[in-house]
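Protein chains in written order, with the numbering used here: chain A, 3 to 345; chain B, 3 to 345.
Cβ atoms here follow ideal geometry from the backbone N, Cα and C, with glycine treated the same way.
Inspection log for the structure reproduced underneath, given as structure tokens.
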DNA sequence: GGTTAGCACTCGACCACCGAGAGTGCTAAG
DNA sequence: CTTAGCACTCTCGGTGGTCGAGTGCTAACC
């Protein structure tokens with residue numbers, strides 16, 4: 003696997019070609035590579051190297067007598083073997099640390115929003131962030147009365163993640179009904195995966211007394227914010243403006259609309275990444291989505307109790323991998339540290 | 003003002019021209035209008051009418067020997083005097099009513115998300131929704147302990163809107179500290195506009211005891227979801243894919259990125275609309291934003307207690323005004339009815 | 001044998017040009 | 001006032017020609 007028999011020189015040429023292409027967004031000519039000091043070769047020799055790289059599908063020519071551009075496979079090799087993640091600069095690190103400080107005890111939705119902002123600001127790319135969500139096992143559910151007719155529901159997961167929502171009640175619901183509803187909920191749901199909550203509620207609530215049933219109905223209405231099993235609704239993104247600036251999307255911007263639109267899709271794309279590595283990279287067609295064939299994804303994950311939060315940078319396959327990987331990696335570790343998880 | 007002295011015939015021609023242009027997205031020729039049964043005139047006569055409309059800037063020619071397209075002013079006249087809002091069909095009405103049912107007691111953020119989904123589904127356009135937000139006066143603030151180290155904060159406004167957020171606390175915070183913090187918060191903030199909350203907290207928290215201060219700090223960290231004065235963060239949108247399909251944006255899609263990106267901007271654009279009318283229309287350059295010069299906006303509002311929620315459809319100036327106005331109007335009234343407000 | 005210079009070849013970008021077609025403006029007659 | 005007729009203008013698509021970038025090949029060179 004490692005290198006697929008690429009010689010030292012071929013690797014070097016491939017690296018230079020990719021880095022030049024990332025800078026210029028245009029096909030790279032043999033002479034452009036030959037003029038690099040690191041390669042003391044003539045353009046003719048470079049061409050023969052390019053020819054061999056092309057035969058093995060690391061690069062391709064958009065048309066005869068054009069320069070070469072990397073294929074997905076070329077980028078993959080670059081990412082796996084040729085590049086070194088670039089750690090964020092000091093000022094960037096302090097921007098990250100400063101942006102995260104003070105959030106350690108906050109609702110994870112808020113942290114996720116902040117993360118997408120930080121990433122897109124620094125990366126200058128579209129950034130997506132998926133909060134840990136209520137994934138996992140329900141630990142307890144509280145129902146707390148506020149003023150008459152209003153209550154707060156809070157679900158705490160074994161992972162420590164808490165979701166809250168305000169519900170409105172008819173006036174005939176007493177505090178004792180609320181208490182009874184809370185007791186029932188804990189009895190039914192404690193130790194259960196949150197994914198099952200909706201089904202359980204629907205099946206069991208028929209037997210409850212009318213006022214209790216009313217409370218449960220109100221919870222069901224709010225389920226999209228409260229009892230989402232995975233990373234359903236909790237997708238945040240920031241930096242849409244950046245992705246439109248890339249010349250590769252100037253022609254068909256329509257696919258970008260589809261991507262931005264569906265949070266389910268985004269969650270799926272980002273969520274499919276590995277959780278054992280800090281950073282996962284998906285290049286071009288490695289991505290299952292048709293609309294993302296020409297984009298790459300750098301996904302980082304962080305652990306909060308039993309849940310996993312994720313952040314990703316989305317851009318053209320021609321993206322600044324070393325910088326972005328370094329950025330996402332740093333942020334992942336910072337968040338892991340912040341929430342006390344070890345890998 | 004009314005009509006700016008347009009004759010009956012001119013109005014009719016303008017209406018037909020606009021409706022044809024909305025259908026075809028292309029300049030409308032005199033013969034296309036003349037061939038309409040409602041206008042028993044020759045194309046030559048229509049041309050002289052068009053000429054007079056053009057002199058008064060209701061329409062323009064993209065270039066000599068092309069058909070005419072409406073100007074912003076033309077659309078404005080159409081919207082104000084020539085069109086009649088088209089009430090949603092029966093199936094659409096039931097889609098709206100069904101989509102909203104069961105949400106009457108829920109957090110307004112959730113309702114707003116659902117609204118943007120409903121509108122974009124039916125309108126087939128980009129739909130934006132701004133939740134009523136915590137605008138207005140603080141009525142009370144509750145801090146409720148959950149499991150050790152976790153608490154829920156709930157802010158209830160005079161308007162009845164409630165916002166909740168979960169906060170994490172160091173273990174050295176006792177329940178009594180929480181109670182003291184709640185007392186202080188109510189003392190400081192009750193009757194105050196929520197916009198002032200952040201400033202008040204920052205100024206006063208220095209005097210509090212360390213554990214209480216910790217609670218207040220946690221609240222400040224969560225302020226973006228909790229104590230937002232207006233419609234700060236609570237912007238939802240849906241249907242980005244639709245706006246990319248319009249031929250007018252095929253060339254320069256970049257401006258769309260800017261619009262989708264900044265929630266502040268969106269909130270500003272949508273929020274600037276009148277609250278006395280059910281529906282406000284902004285056409286092209288009537289919009290303060292440079293990037294929206296070629297777009298129109300149909301904004302509806304609904305009242306919840308003292309707060310105002312809003313929804314809007316965003317599309318090219320060439321949009322289906324009667325249909326969209328009818329839709330937004332219906333939804334606004336439905337929401338007003340649901341939350342018991344009268345206009 | 002690997003490397004290089006030289007040269008012919010290919011292809012896209014750009015421009016000018018042309019003809020067809022759409023649509024107008026003008027004018028004179030109804 | 002309306003209309004038919006006609007000349008005029010402008011866009012659009014296709015064609016041909018030039019230019020330059022970049023390659024592939026080959027023969028000479030180290």
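One or two residues paired with residue i in a DSSP bridge
i	result
residue 20(A)	DSSP output for residue 20(A) lists no bridge partner at all.
residue 298(A)	285(A), 317(A)
residue 139(A)	195(A)
residue 110(A)	BP columns for residue 110(A) are empty, so no partner.
residue 238(A)	131(A)
residue 70(B)	30(B)
residue 304(B)	311(B)
residue 61(B)	72(B)
residue 146(B)	154(B)
residue 159(B)	140(B)
Residue environment, residue i, which counts as buried when at least 16 other CB atoms sit within 10 Å
i	result
residue 303(A)	buried
residue 150(A)	exposed
residue 63(A)	exposed
residue 141(B)	buried
residue 99(B)	exposed
residue 253(B)	exposed
residue 164(A)	buried
residue 278(B)	exposed
residue 339(A)	exposed
residue 234(A)	Below a pLDDT of 50, predicted positions are generally treated as unreliable, and residue 234(A), at 44, falls in that range; no measurement from the model is reported.
residue 345(A)	The predicted model places residue 345(A) with a pLDDT of 48, which falls under 50 and marks its position as unreliable; any figure quoted below should be read in that light. Residue 345(A) comes out exposed.
residue 69(A)	buried
residue 247(A)	exposed
residue 284(B)	buried
residue 272(A)	buried
residue 194(A)	exposed
residue 236(B)	buried
residue 110(A)	buried
C-beta atoms of residue i and residue j nearer than 8 Å
i	j	result
residue 52(B)	residue 15(B)	yes
residue 210(B)	residue 204(B)	no
residue 315(A)	residue 121(A)	yes
residue 311(A)	residue 134(A)	yes
residue 85(B)	residue 323(B)	yes
residue 117(A)	residue 96(A)	no
residue 241(A)	residue 128(A)	yes
residue 216(A)	residue 172(A)	yes
residue 43(B)	residue 30(B)	no
residue 59(B)	residue 49(B)	no
residue 214(B)	residue 179(B)	yes
residue 47(B)	residue 61(B)	no
residue 22(B)	residue 40(B)	no
residue 154(B)	residue 125(A)	no
residue 301(B)	residue 282(B)	yes
residue 208(A)	residue 190(A)	no
residue 336(A)	residue 102(A)	yes
residue 152(A)	residue 139(A)	no
Top-ranked residue by Cα proximity to residue i, from the options
i	options	result
residue 77(A)	24(A), 28(A), 32(A), 239(A)	24(A)
residue 198(B)	68(B), 228(B), 169(B)	228(B)
residue 269(A)	247(A), 250(A), 299(A)	299(A)
residue 115(A)	174(A), 157(A), 239(A)	239(A)
residue 158(A)	170(B), 49(B), 139(B)	170(B)
residue 144(B)	168(B), 123(B), 17(B)	168(B)
residue 54(A)	336(A), 32(A), 166(A)	32(A)
residue 341(B)	282(B), 201(B), 105(B)	105(B)
residue 224(A)	200(A), 7(A), 208(A), 36(A)	200(A)
residue 183(B)	336(B), 26(B), 212(B), 66(B)	212(B)
Check: residue i C-beta below 7 Å from any heavy atom of the ligand MN
i	result
residue 48(A)	You won't find the ligand MN in this model; it holds no ligand whatsoever.
Decide yes or no for the touch test of the stretch 323-333 of chain A against the stretch 82-93 of chain A: beta carbon pairs closer than 8 Å, at least 3 of them.
Yes, since at least three Cβ pairs between the stretch 323-333 of chain A and the stretch 82-93 of chain A fall closer than 8 Å, the two stretches touch.
Indicate whether the contact test is met: 3 or more Cβ pairs, each with one atom in the stretch 245-262 of chain B and one in the stretch 258-267 of chain A, closer than 8 Å.
Contact between the stretch 245-262 of chain B and the stretch 258-267 of chain A is present, because at least three Cβ pairs lie under 8 Å.
Segment contact, 8 Å Cβ cut-off, at least three pairs: the stretch 290-306 of chain A with the stretch 291-299 of chain B
Result no; under three Cβ-Cβ pairs closer than 8 Å.
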